[in-house]
Amino acid sequence: MTSEAHQTAAQASRVYAEHFITEGDAARQARAAAGRLGLTAVTSGAAQTLTVLARLIAAKAAVEIGTGAGVASLALLQGMDPQGILTSIDSEADHQQAARSILAQAGYRPRLIAGRALEVLPRLSDGAYDIVFADAEPLEAGEYVEQALRLLRSGGVFALYHALLDDTVAQLDNLDDETLIVRETLEAVRDMDGVLPVLLPIGDGLLVLVKA
Ligand SMILES: C[S@@+](CC[C@H](N)C(=O)[O-])C[C@H]1O[C@@H](n2cnc3c(N)ncnc32)[C@H](O)[C@@H]1O
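Going from the sequence shown to our numbering is simple: count from 1 and add 301.
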């Protein structure tokens, strides 16, 4: 295969993997609402990864940073224990309103907290959560890791979306503020004691770590 043909085939594989699982009606509605609000939701493959992670650890208590219109909220809830509680934070009330209505139609009642992540997170209890997922402000990625490690129980999982930030993180000569912060956060996590990380090239990149 020529390198151009290989690139095309690799791209086709990525698209195939992203859409390997067909999303249900509620996810499609949340995605449409995200589009109307001008938000970039997690991709279908990233959403399914969140569902699988939540199911693997039988998550009962989850924190989401950046509700948006609820695509990832729904994915987390679909993997969590049916009695589980998702606490989701967003600074924009209209985003949470859209998410609340779509999630209610799907039978879920998450605890939605309106506010800026770095003001709300410190109010949540230490070691009380099974999974924390962040998709809000890339410039705060380092603080999200710090807060997540405090909030998670031992064996809990943290996931950070946009970990490849539109393919800029891997371009080492790109020193834009957001890119630099996300790259430095990934490297800090990679070198940290007491965590088991992996960087998945799904969607816009999903950093996943397990807290020891
Ligand atoms: C890309 S959207 C999240 C999309 C969501 N993950 C999904 O898949 O549907 C990012 C959300 O984070 C919120 N946000 C941005 N910065 C924030 C901050 N500092 N604190 C709380 N929410 C924030 C935005 O209002 C927006 O709703």
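Glycine included, each C-beta is placed from N, C-alpha and C at the ideal position.
Counterpart residues of residue i in DSSP-defined beta bridges
i: Tyr-430; result: Leu-453
i: Arg-412; result: Thr-388
i: Lys-512; result: Val-496
i: Ile-366; result: Ile-390 and Ala-435
Selection from the options that minimises the alpha carbon distance to residue i
i: Val-343; options: Asp-492, Val-470, Gly-416 and Ala-376; result: Ala-376
i: Pro-439; options: Thr-480, Pro-423 and Pro-411; result: Thr-480
i: Tyr-409; options: Thr-388, Ala-418, Arg-424 and Ala-313; result: Thr-388
i: Glu-324; options: Ser-426, Asp-467, Ile-482 and Ala-373; result: Ala-373
i: Val-511; options: Glu-485, Arg-315 and Ile-358; result: Ile-358
i: Gln-398; options: Ala-471, Glu-420 and Arg-412; result: Arg-412
Local conformation of residue i per DSSP, three classes
i: Leu-476; result: coil
i: Arg-329; result: helix
i: Ser-314; result: helix
i: Glu-441; result: helix
i: Ala-404; result: The amino acid occupying residue 404 in the given sequence is Leu; Ala does not appear at that position. Here Leu-404 sits in helix by DSSP.
i: Ala-334; result: helix
i: Ala-435; result: strand
i: Pro-498; result: strand
i: Leu-507; result: strand
i: Ile-482; result: helix
Decide if the stretch 320-340 is in contact with the stretch 396-416; the criterion is three or more beta carbon pairs, one per stretch, under 8 Å apart.
yes
Is the stretch 419-438 touching the stretch 361-368, taking contact as three or more C-beta pairs under 8 Å?
yes
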